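Residue numbers (the UniProt record's numbering): 1 to 556. Cβ coordinates follow ideal geometry from the N, Cα and C atoms, glycine included. If you're wondering where the values come from, they're calculated on a predicted model, not measured in any experiment.
Printed below as a string of structure tokens:
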């Protein structure tokens, strides 16, 4: 049960920013009245208590145990008893159809006061940030950060300064962004190792060698059932040709490009990857794979989950996706397909020795604060304590888990992580959550590598060991080894003026043009006419505006 849980935990953690963190109900220190940042943030308690309002879009993963409620749960009780912070919800909406974004816009239009603290995901932030800044209803974070952030939190942001670009406008920063660990979304190549060995094939190191493997996976009956019923690569094309699971970013990267994102070029400018000549070269190869049956004939109707099911059901031998997929959902294969062996592989090199893949986002969301909110000291005190779990603070009161009965139980003085009713849902009720372990902060081997090598001494190492599978650890280690090949989307700012008007049409044309080329319904050279049209219908204007933002957003 625990081995299965870690994979799901990782996906939830990506969205809720409680990544592999852990909580002990320790002895409270004496209350302090000062509120200045100390070495690890203020450890005091507000007396009398202060009330901070927030908002929440409720989803299916937010279930609380019987007796706990939205306003009275382990996290709200901890904040009240430990810090003197009373957390209340000014708004609650259902997490669907952009309900929270709609609520924000209605409040701005109707003159309703915003909650003190408001989390905006990377989905909502690009559109909402300009509206919030323009309304004058949120505060510039610059001075509050300098005044109240603890030294170790300042170190995290100093080591990852580009994350401020996600909330930068008009020379100021308008929120407190979560910092991504820089690797959790980076894909690796997953392969049916038992197919490889059954057919007497070697691990592919180049794109040409990979194509030999793909051909064998389609034409040499790798599953031994006597039927030609397998495909080589589980691939999704319904939403994008570079989805977060079941993508082909390694193919585009082998030719030096990534479509659907803004890449930094050799001249320092940003350019949209889809309209670069390298994408045309990669599409030609992808088109060839489709014609040879290496990918499913209906891949264009498959989303990420549907494509992944091809692999987990034993019908595909390769899939590209994040390292955490070794915990979930690829572990499902082991239960469905007797004898299946799954291994993560480094991506193969292209014709010129190039290797590339999509990179994790700088941030998956940010907190904005109501203008006039007077308790940023409390926010940074809370932020620092949660941040300690991400950098394996041995003194963290959350080193075992966030709440007894949720993500751990104490038994004979020791935390247990595999028990009936385990859930990480309580982390969704944190007032603020810093994100995941910032790149470059934890020195030496990663937590995953240490545990994989058998180093299991600290509470963090023990927790990961108890809750993760070998496949999960192997996937993240291989992903870590190829970090230098990550090609990250460099445009993380608000939508530009032309983008607001032209982008929906440009995206529609992009999707249709690329799919038709891969399907063979249009000649490869129609790519050139697509690029010309893209530039004429707003692409050139958007490119100019994106680069103007890029130049200005680096200044604080």
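Have a look at residue i and residue j and give me their C-alpha separation to the nearest angstrom.
i           : j           : result
residue 103 : residue 90  : 11 Å
residue 355 : residue 485 : 6 Å
residue 120 : residue 203 : 43 Å
residue 264 : residue 162 : 13 Å
residue 106 : residue 370 : 16 Å
residue 455 : residue 129 : 44 Å
residue 351 : residue 277 : 15 Å
residue 344 : residue 190 : 4 Å
residue 379 : residue 81  : 16 Å
residue 139 : residue 110 : 19 Å
residue 357 : residue 205 : 15 Å
residue 240 : residue 445 : 34 Å
residue 216 : residue 340 : 17 Å
residue 509 : residue 148 : 47 Å
residue 390 : residue 154 : 15 Å
residue 212 : residue 316 : 15 Å
residue 132 : residue 53  : 17 Å
residue 135 : residue 372 : 14 Å
residue 487 : residue 247 : 14 Å
residue 402 : residue 418 : 15 Å
residue 331 : residue 313 : 11 Å
Does the Cβ-Cβ distance between residue i and residue j come in under 7 Å?
i           : j           : result
residue 362 : residue 492 : yes
residue 432 : residue 387 : no
residue 262 : residue 251 : no
residue 177 : residue 426 : no
residue 471 : residue 188 : no
residue 329 : residue 308 : yes
residue 233 : residue 220 : no
residue 55  : residue 151 : no
residue 534 : residue 506 : yes
residue 295 : residue 218 : no
Enumerate in chain order the residues of its own chain whose CB-to-CB distance from residue i is below 7 Å, with the five nearest sequence positions on each side excluded.
i           : result
residue 175 : 141, 167, 366, 367, 368
residue 243 : 236, 304
residue 473 : 448, 451, 452
residue 553 : 165, 168, 493
residue 548 : none
residue 515 : 237, 300
residue 394 : 458
Starting from residue i and walking both ways along the beta strand (DSSP E), at which residues does that stretch end?
i           : result
residue 272 : 270-272
residue 416 : 414-416
residue 192 : 187-192
residue 117 : 117-121
residue 263 : 262-264
Over the uninterrupted alpha helix (DSSP H) stretch that includes residue i, give me the two end residues.
i           : result
residue 232 : Note, residue 232: premise wrong, no alpha helix (DSSP H); beta strand (DSSP E) at 231-234.
residue 50  : Segment 50-58 is the beta strand (DSSP E) holding residue 50; no alpha helix (DSSP H) there.
residue 409 : That residue, residue 409, is in no alpha helix (DSSP H); its beta strand (DSSP E) goes 409-411.
residue 542 : 540-553
residue 492 : It is not in any alpha helix (DSSP H) - residue 492 carries neither H nor E in the DSSP assignment.
residue 502 : 497-519
residue 218 : 207-219
residue 355 : Element bounds for residue 355: n/a, residue is neither H nor E.
residue 129 : 125-135
residue 280 : 277-291
residue 466 : 459-467
Can you check which of these residues, the options, is closest to residue i by C-alpha distance?
i           : options            : result
residue 192 : 487, 467, 51, 311  : 311
residue 164 : 180, 401, 84, 509  : 180
residue 421 : 430, 404, 412      : 404
residue 275 : 172, 194, 260      : 260
residue 337 : 525, 483, 497, 195 : 195
residue 300 : 327, 461, 519      : 519
residue 364 : 100, 45, 94, 126   : 126
residue 85  : 68, 124, 44        : 44
residue 423 : 467, 253, 137      : 467
residue 157 : 435, 511, 482      : 435
residue 182 : 490, 531, 108      : 490
residue 197 : 500, 413, 222      : 222
residue 112 : 50, 137, 67        : 137
residue 536 : 51, 498, 207       : 498
residue 550 : 268, 335, 255      : 268
residue 210 : 227, 186, 272, 289 : 289
Below 8 Å CB to CB, which residues in the same chain sit around residue i once its five sequence neighbours on both sides are set aside?
i           : result
residue 503 : 495, 538, 542
residue 159 : 438, 439, 440, 441
residue 524 : 280, 283, 284, 287, 517
Any C-beta of chain C sitting closer than 7 Å to the C-beta of residue i?
i           : result
residue 528 : Protein chain content of the structure displayed is limited to a single chain, and chain C is not contained in it.
Please work out which residues of its chain come closer than 6 Å, Cβ to Cβ, to residue i, disregarding the five sequence neighbours upstream and downstream, and give them in chain order.
i           : result
residue 245 : 304, 308, 321
residue 93  : 57, 99, 100, 103
residue 392 : 460
residue 63  : 425
residue 118 : 55, 368
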